[in-house]
Amino acid sequence: MVLQVSVVMAFAALAISFWFLQIVQHARFEEMAASNHQRTLALRAPRGVLFDRNGKVLVENRQSFSVSIVREHTKDLDRTVRLLASVAGVDVSTVEQIVERHRGEPTYQPIVVIEDASLSQVAAIMARRLDFELPDVLVQQVPMRQYPPGAMAAHLFGYVGEASDSQIGEGITSGAIVGQSGIERVYNRLLMGQDGARRVVVNSMGREIREIGEIPPVEGRRVQLTIDYDLQKAAEDGFRHAGFNGAALIMDPRNGEVLTYVSLPAYDPNDFAGGIDRATWVSLNADKLRPLQNRAIQGRYSPGSTFKIVVATAALEEGLVTPDFRVSCGGGANFFGRYYKCWLRGGHGSVDMRHAIEQSCNVYFYTLGNMLGVDRIHKWAENLGLAGKTGIDLPNEQESLVPSTAWKQQRYGEKWYGGETISVAIGQGQVSVTPASLAVMISTVANGGTRVTPHLIRAVDDGGGWKIATPPAVANKTLFRPSTLAALHEGLWMVVNAHGTGGRARIPGRDVAGKTGTAQVISNQGRQAARGTDRDLRDHGWFVFFAPRDNPEIAGVIFGEHNEHGYLGAPIAKHVIETYFAKKEGLPLPSLEPVPVPAPPPVPEADPDLTPIDEQTPIAAAAGATTAPGTN
Amino acid sequence: MFERRLYHHVDWGLLIAVLTLCAVGLAQIYSATGGWTNIVQTQIYGIGIGIIALLVALSIDYRSLADKSHLIYVAILGLLLYVLLFGAVRGGSRRWIDLGSFNIQPSEFAKATLALVLAKFFGDSRRGIVTRVDLLVAGGLTAIPLLLIAQQPDLGTAATLIPVAFAVVYVAGMPMRILGALALVALLAAPIGWKFALQDYQRERISTFLDPSQDARGAGYQQIQARITVGSGGPWGKGFTEGTQGQLRFLPVAHNDFIFSVLAEEQGFAGVIVVLGLYLFVILRSIESARLAKDRLGAYLVLGVLASFTFQVIYNITMSAGLAPVKGLTLPLMSYGGSSMIATLTGFGLVLNVRMRRFTN
Numbered sequence: 001m002v003l004q005v006s007v008v009m010a011f012a013a014l015a016i017s018f019w020f021l022q023i024v025q026h027a028r029f030e031e032m033a034a035s036n037h038q039r040t041l042a043l044r045a046p047r048g049v050l051f052d053r054n055g056k057v058l059v060e061n062r063q064s065f066s067v068s069i070v071r072e073h074t075k076d077l078d079r080t081v082r083l084l085a086s087v088a089g090v091d092v093s094t095v096e097q098i099v100e101r102h103r104g105e106p107t108y109q110p111i112v113v114i115e116d117a118s119l120s121q122v123a124a125i126m127a128r129r130l131d132f133e134l135p136d137v138l139v140q141q142v143p144m145r146q147y148p149p150g151a152m153a154a155h156l157f158g159y160v161g162e163a164s165d166s167q168i169g170e171g172i173t174s175g176a177i178v179g180q181s182g183i184e185r186v187y188n189r190l191l192m193g194q195d196g197a198r199r200v201v202v203n204s205m206g207r208e209i210r211e212i213g214e215i216p217p218v219e220g221r222r223v224q225l226t227i228d229y230d231l232q233k234a235a236e237d238g239f240r241h242a243g244f245n246g247a248a249l250i251m252d253p254r255n256g257e258v259l260t261y262v263s264l265p266a267y268d269p270n271d272f273a274g275g276i277d278r279a280t281w282v283s284l285n286a287d288k289l290r291p292l293q294n295r296a297i298q299g300r301y302s303p304g305s306t307f308k309i310v311v312a313t314a315a316l317e318e319g320l321v322t323p324d325f326r327v328s329c330g331g332g333a334n335f336f337g338r339y340y341k342c343w344l345r346g347g348h349g350s351v352d353m354r355h356a357i358e359q360s361c362n363v364y365f366y367t368l369g370n371m372l373g374v375d376r377i378h379k380w381a382e383n384l385g386l387a388g389k390t391g392i393d394l395p396n397e398q399e400s401l402v403p404s405t406a407w408k409q410q411r412y413g414e415k416w417y418g419g420e421t422i423s424v425a426i427g428q429g430q431v432s433v434t435p436a437s438l439a440v441m442i443s444t445v446a447n448g449g450t451r452v453t454p455h456l457i458r459a460v461d462d463g464g465g466w467k468i469a470t471p472p473a474v475a476n477k478t479l480f481r482p483s484t485l486a487a488l489h490e491g492l493w494m495v496v497n498a499h500g501t502g503g504r505a506r507i508p509g510r511d512v513a514g515k516t517g518t519a520q521v522i523s524n525q526g527r528q529a530a531r532g533t534d535r536d537l538r539d540h541g542w543f544v545f546f547a548p549r550d551n552p553e554i555a556g557v558i559f560g561e562h563n564e565h566g567y568l569g570a571p572i573a574k575h576v577i578e579t580y581f582a583k584k585e586g587l588p589l590p591s592l593e594p595v596p597v598p599a600p601p602p603v604p605e606a607d608p609d610l611t612p613i614d615e616q617t618p619i620a621a622a623a624g625a626t627t628a629p630g631t632n
Numbered sequence: 633m634f635e636r637r638l639y640h641h642v643d644w645g646l647l648i649a650v651l652t653l654c655a656v657g658l659a660q661i662y663s664a665t666g667g668w669t670n671i672v673q674t675q676i677y678g679i680g681i682g683i684i685a686l687l688v689a690l691s692i693d694y695r696s697l698a699d700k701s702h703l704i705y706v707a708i709l710g711l712l713l714y715v716l717l718f719g720a721v722r723g724g725s726r727r728w729i730d731l732g733s734f735n736i737q738p739s740e741f742a743k744a745t746l747a748l749v750l751a752k753f754f755g756d757s758r759r760g761i762v763t764r765v766d767l768l769v770a771g772g773l774t775a776i777p778l779l780l781i782a783q784q785p786d787l788g789t790a791a792t793l794i795p796v797a798f799a800v801v802y803v804a805g806m807p808m809r810i811l812g813a814l815a816l817v818a819l820l821a822a823p824i825g826w827k828f829a830l831q832d833y834q835r836e837r838i839s840t841f842l843d844p845s846q847d848a849r850g851a852g853y854q855q856i857q858a859r860i861t862v863g864s865g866g867p868w869g870k871g872f873t874e875g876t877q878g879q880l881r882f883l884p885v886a887h888n889d890f891i892f893s894v895l896a897e898e899q900g901f902a903g904v905i906v907v908l909g910l911y912l913f914v915i916l917r918s919i920e921s922a923r924l925a926k927d928r929l930g931a932y933l934v935l936g937v938l939a940s941f942t943f944q945v946i947y948n949i950t951m952s953a954g955l956a957p958v959k960g961l962t963l964p965l966m967s968y969g970g971s972s973m974i975a976t977l978t979g980f981g982l983v984l985n986v987r988m989r990r991f992t993n
């Protein structure tokens, strides 16, 4: 009896155990069984294709192979890592670091260890997989971003990269590829698309048995940019031809559509698409020329003589003077007990507004500046779009600075001195602006007072066809008096077409108008002190322009880094403008003749933008400091 | 030898239940191994030979067999020694005698042999009580094959000899206090055994049993997978050949040690209850045979055979549910394995033998 009872009790205990497992906890175990043998593989969505304004493809996607480790059934992760690294010919420690970074994630989530694997790597890995040596390694075909060759418009497009910890959330999962800079970053949501998924049955070795279902990935939105490929190419060719770095922002002054966006030197966004390797990243960061800096919106420089346009506008619109107001320049003038020189030693004689712009006469603008006072200059700089941010749809824009009494009080707790206004009047002192803001300023002057917001998106294909993107609101609208407009346009036209400094941008019949300027890198006295160091102390050159003079269609800025003379940027502008009109009229696009053998001109041209304000030590030195490369 | 009237005393119920379990096992092996493989064929041969062995064990009077028990015992010891010296090595242990087309695992036959020799020893004793000398003799008879098997090493099978000895000694009238003393000794010996007698992998298995999640990829893996397999079966199961756990090999050697898990996954709680019921019927029916046995020899023999069978069934099913440390213990009648099948069916031949001859002299 004892035996029977104990056996029955043992079996009852077994039955109860099975009841608990199979009935009470069934749901939990069923789920575990499902996750055991079903695996969800993410199908990366291709990012949206970027087109230029004429429908030419700028940025697209290509197929690439990515190699990942799925730890779900891995018994010896170290062995897998070592074997994979040796099979694929990559550094073990690199793979280990990647795996370590993702260690906390669920084990079924693949860890991508090699992006954009080569065909030979894929072949070697697949051979081992079939031998069951690397069952936990997954090779997937994924779309990868492809940018135009030659690092074209690199800072405009930006680059993509694996989402950082702070970017994860709101639909962005760990390991997702997101835009890290430029348009890729600002419009990441549009471009990212929606990853799909494949559910497959795998066996205990991780080998795929069959597919259960697939949610296809949704490609990112196709986006049409305002950029014109041919103009972009013309500008970049122009810089290459001229042989210096810098920035350019050229747009349609009527609506703020950016046609060309250049920042040089650039990086190749393709290097980032497959996960940038350490060496490239380190060298990009260590490069003295700072290729990662987006100069057009992040570089701040003294505007030099281009600022005279602001002072002229302010004086005319405030009603202080008429275009016929004349000043006699004798090579310099006294203000607040000090003598300020004009660049032309003998002086310009008696000049009116138009000729003062054409000749870039310092004394004329000292006088206007003195009449205006710094606050009215600041007000008009703001109206024209030169102060603050332009509002362009790119990340990390720097603010341009045009001083005012309030600003100085707030910043330094000091009173503004009238003498400082005199240097501000010719774009020196503490004026410090980005190339983008100068482009907005010249556009506002070109269109007669409407401060447009530069923008980069023209249309978005939301899946149901192209929808024109709503352009950003006009930032400010001040209708210039007709006389103001006429005088400014006339003066700026004369810079290029009469006896001014912009002759290199002259195109017969196109009525190009413009103004050169020089951004001092360091004051004359600082130059003495810095002699012998390896800093590049050569000045930067500006060229702002629009065309044609009446009803301008294209306007912008060429910034030449350490090119010493603003007029050296004019040929770049000329090439872009010629390309613009040739394209508009269906003519063959102009091309630049091969780079000529550099033959320095026998007699150096007198550059009116080089202002000899030797006495301005403290302020000029401060300006030099803010414009020195490396401080912004 | 086989008298016609004996035919009427065959326990048909037991025989049918035993053969049904064989059939259920065969079906689950078919499912777990993914169809008509040579594993299924081997199992069919095993069942066939087993039935012949059962008939042979049935037809010879158990008393004549018991008279020859010492010879059988010595023969088995010889085979075990042979295995230790010349056996085929598989999976790190030496358990098989390689006969070309198939292998024999002598340790499986040691169980029934030990039952026979102990039944004979205590059945012959007329004293009705168990003396210390008797205990020492019984202990010795058990220890020799046990140590030989443990040396292979095959601790699982070695352990199944202990219930045989205990069952026979217990029904032979061993006082409870000696049983208690033995239990105490075993308890005290456990830590020493843990340290010296167990291999590393065995210690690991036991410690991961206590907390399977501490090593979900290693030894605890099988435990967790066993629970998932059983639990995911639910009340009605996933259906024949529809189990994912067994078929996709999340559960190792599903057709062998974990055949009951496969059954639980595919047939659900309902199937589990039916098979548990069959096993319970077989065991209770066999105990009934022991009770009805004409002599003590018969009763001891039945209980000896039944002890290792019951121990193995309960342990394996507990293990199949992930509730016991994983040991290489098969489920008699259902698991894949020719030697096990033949030995078990031979054992039931002896059980039927005793019941069949309860009226004969």
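Protein sequence lines, in the order shown, are assigned to chains X and W.
One point on numbering: in my numbering, the residue at position 69 of the first sequence is 69, and numbering is uninterrupted.
One point on numbering: in my numbering, the residue at position 202 of the second sequence is 834, and numbering is uninterrupted.
C-beta atoms are modelled at their ideal positions from N, C-alpha and C, and glycine is treated no differently.
Because the structure is a prediction, the values reported are computed rather than measured.
Legend entry - Test: Ala-956 (chain W) CB closer than 8 angstroms to a CB of chain X: No, because no Cβ of chain X sits closer than 8 angstroms to the Cβ of Ala-956 (chain W).
Legend entry - Three-state secondary structure assigned by DSSP to Arg-989 (chain W): Here Arg-989 (chain W) sits in coil by DSSP.
Legend entry - C-beta neighbour in chain X for Arg-859 (chain W), strict 8 angstroms: Residue contact check for Arg-859 (chain W) against chain X: a CB pair falls below 8 angstroms.
Inset, instruction - Excluding the 5 residues preceding and the 5 following Glu-236 (chain X) in the sequence, name in chain order all residues of the same chain whose CB lies nearer than 7 angstroms to its CB. - result: Excluding positions up to five away in sequence, the list reads Met-152 and Val-262.
Inset, instruction - Would you verify that the beta carbon of Met-9 (chain X) is, or is not, closer than 8 angstroms to some beta carbon of chain W? - result: Not one chain W Cβ lies under 8 angstroms of Met-9 (chain X).
Inset, instruction - Identify which residue in W:Leu-653, W:Val-642 and W:Tyr-639 has its Cα closest to the Cα of Phe-913 (chain W). - result: Ranking the options by Cα distance to Phe-913 (chain W), first place goes to W:Leu-653.
Legend entry - Nonlocal neighbours in the same chain, by C-beta distance under 7 angstroms from Gly-346 (chain X), ignoring five residues either side: Sequence-distant partners of Gly-346 (chain X) (beyond 5 residues in either direction) whose C-beta falls short of 7 angstroms from its own C-beta, in its chain, are Gly-331.
Legend entry - Three or more C-beta pairs below 8 angstroms linking the region 860–868 of chain W and the region 893–904 of chain W: With the cut-off at 8 angstroms, the region 860–868 of chain W and the region 893–904 of chain W touch.
Inset, instruction - Would you kindly report the start and end of the unbroken alpha helix (DSSP H) that includes Pro-435 (chain X)? - result: Residue range 435–447 is occupied by the alpha helix (DSSP H) that includes Pro-435 (chain X).
Legend entry - Contact the region 36–50 of chain X vs the region 133–149 of chain X: 3+ CB pairs below 8 angstroms: Under the Cβ criterion (8 angstroms, minimum of three pairs), the region 36–50 of chain X counts as touching the region 133–149 of chain X.
Legend entry - DSSP bridge partner residues for Ala-513 (chain X) (one or two, in chain order): Beta-bridge annotation (DSSP): Ala-513 (chain X) is paired with X:Phe-546.
Inset, instruction - Answer yes or no: do Ile-227 (chain X) and Leu-259 (chain X) have a C-beta to C-beta separation smaller than 8 angstroms? - result: Result yes, Cβ atoms of Ile-227 (chain X) and Leu-259 (chain X) sit closer than 8 angstroms.
Inset, instruction - Give a yes or no on whether the minimum CB-CB distance between Ala-127 (chain X) and chain W is below 8 angstroms. - result: With 8 angstroms as the cut-off, Ala-127 (chain X) does not count as an interface residue toward chain W.
Legend entry - Span of the alpha helix (DSSP H), counted from its first residue to its last, around Val-645 (chain X): With chain X represented from 1 up to 632, any question about residue 645 (chain X) goes unanswered, as that position is not in the structure.
Legend entry - First through last residue of the alpha helix (DSSP H) which encompasses Asp-756 (chain W): Unbroken alpha helix (DSSP H) run through Asp-756 (chain W): 738–756.
Legend entry - Counted within 10 angstroms of its Cβ, other Cβ atoms place Leu-384 (chain X) as buried (16 or more) or exposed: With 16 or more other Cβ atoms within 10 Å, it is buried.
Inset, instruction - Can you check DSSP and say which residues form a bridge with Gly-556 (chain X)? - result: BP columns for Gly-556 (chain X) point to X:Ile-250 and X:Phe-545.
Legend entry - Interface flag, Thr-876 (chain W) vs chain X, CB-CB below 8 angstroms: For Thr-876 (chain W), the closest Cβ of chain X is nearer than 8 angstroms.
Inset, instruction - Assign Gly-719 (chain W) to one of three DSSP states: helix, strand, or coil. - result: Here DSSP, grouped into helix, strand and coil, assigns Gly-719 (chain W) to coil.
Inset, instruction - With DSSP as the reference, please indicate the residues paired to Arg-338 (chain X) in a beta bridge. - result: Per the DSSP secondary-structure output, Arg-338 (chain X) pairs in a beta bridge with X:Phe-335.
Inset, instruction - Residues of the region 274–287 of chain X with a CB closer than 9 angstroms to any CB of chain W: list them in chain order, please. - result: Residues passing the 9 angstroms Cβ filter: none.
Inset, instruction - Starting from Gln-879 (chain W), follow the alpha helix (DSSP H) in both directions and report where the run begins and ends. - result: 876–879 is the span of the alpha helix (DSSP H), which, as asked, contains Gln-879 (chain W).
Legend entry - Cutoff 7 angstroms; reference Phe-943 (chain W); Cβ partners in own chain excluding five residues on either side: Here the set comprises Thr-792 and Pro-795.
Legend entry - Alpha-carbon spacing of Ala-939 (chain W) relative to Val-749 (chain W), whole angstroms: Using only the alpha carbons, I get a separation of about 14 angstroms.
Inset, instruction - Use the C-beta contact count for Met-192 (chain X): other C-beta atoms within 10 angstroms, 16 or more gives buried, fewer gives exposed. - result: Buried, since its Cβ has 16 or more Cβ neighbours within 10 Å.
Inset, instruction - Count the other CB atoms, across all protein chains shown, that sit within 10 Å of the CB of Arg-809 (chain W); report buried if there are 16 or more and exposed otherwise. - result: Result: exposed.
Inset, instruction - Compare the beta carbon distance of Ala-519 (chain X) and Asp-534 (chain X) with 8 angstroms and say whether it is the shorter of the two. - result: Going by C-beta atoms, Ala-519 (chain X) is not nearer than 8 angstroms to Asp-534 (chain X).
Inset, instruction - Could you check which residue in W:Tyr-677, W:Ile-905 and W:Asp-693 has the C-alpha nearest to that of Leu-984 (chain W)? - result: Checking every option, the nearest Cα to that of Leu-984 (chain W) belongs to W:Asp-693.
Inset, instruction - Could you work out which residue in W:Pro-738, W:Leu-961, W:Ile-856 and W:Ser-972 is closest to Arg-28 (chain X) when comparing CA atoms only? - result: The candidate whose alpha carbon is nearest that of Arg-28 (chain X) is W:Ile-856.
Inset, instruction - Look at the alpha carbon of Arg-859 (chain W) and the alpha carbon of Ile-69 (chain X), and state the distance between them as a whole number of angstroms. - result: Answer to the nearest angstrom: the Cα atoms are 27 angstroms apart.
Legend entry - Anticipated Cβ contact below 8 angstroms, Asp-252 (chain X) with Ile-554 (chain X), distance rounded: At roughly 7 angstroms, the Cβ-Cβ gap stays under 8 angstroms, so Asp-252 (chain X) and Ile-554 (chain X) are in contact.
Inset, instruction - Assuming Ile-661 (chain W) contacts Val-672 (chain W) (C-beta within less than 8 angstroms), just tell me the rounded distance between them. - result: The C-beta distance from Ile-661 (chain W) to Val-672 (chain W) rounds to 6 angstroms, short enough to meet the 8 angstroms contact threshold.
Inset, instruction - Please go through the same chain and pick out, in chain order, the residues whose beta-carbon is closer than 8 angstroms to the beta-carbon of Gly-463 (chain X), but skip the five residues on each side of it. - result: Residues of the same chain with a CB within less than 8 angstroms of the CB of Gly-463 (chain X), apart from the 5 flanking positions on each side, are Arg-221 in chain order.
Legend entry - Straight-line Cα distance separating Arg-101 (chain X) from Arg-278 (chain X): A straight line joining the alpha-carbon of Arg-278 (chain X) with that of Arg-101 (chain X) spans about 16 angstroms.
Inset, instruction - Determine contact between the region 573–591 of chain X and the region 279–295 of chain X, defined as no fewer than three beta-carbon pairs at a distance below 8 angstroms. - result: No, the region 573–591 of chain X does not touch the region 279–295 of chain X.
Inset, instruction - Provide the residue(s) that pair with Pro-571 (chain X) in DSSP beta bridges, ordered along the chain. - result: When beta bridges are read from the DSSP output, Pro-571 (chain X) appears opposite no residue.
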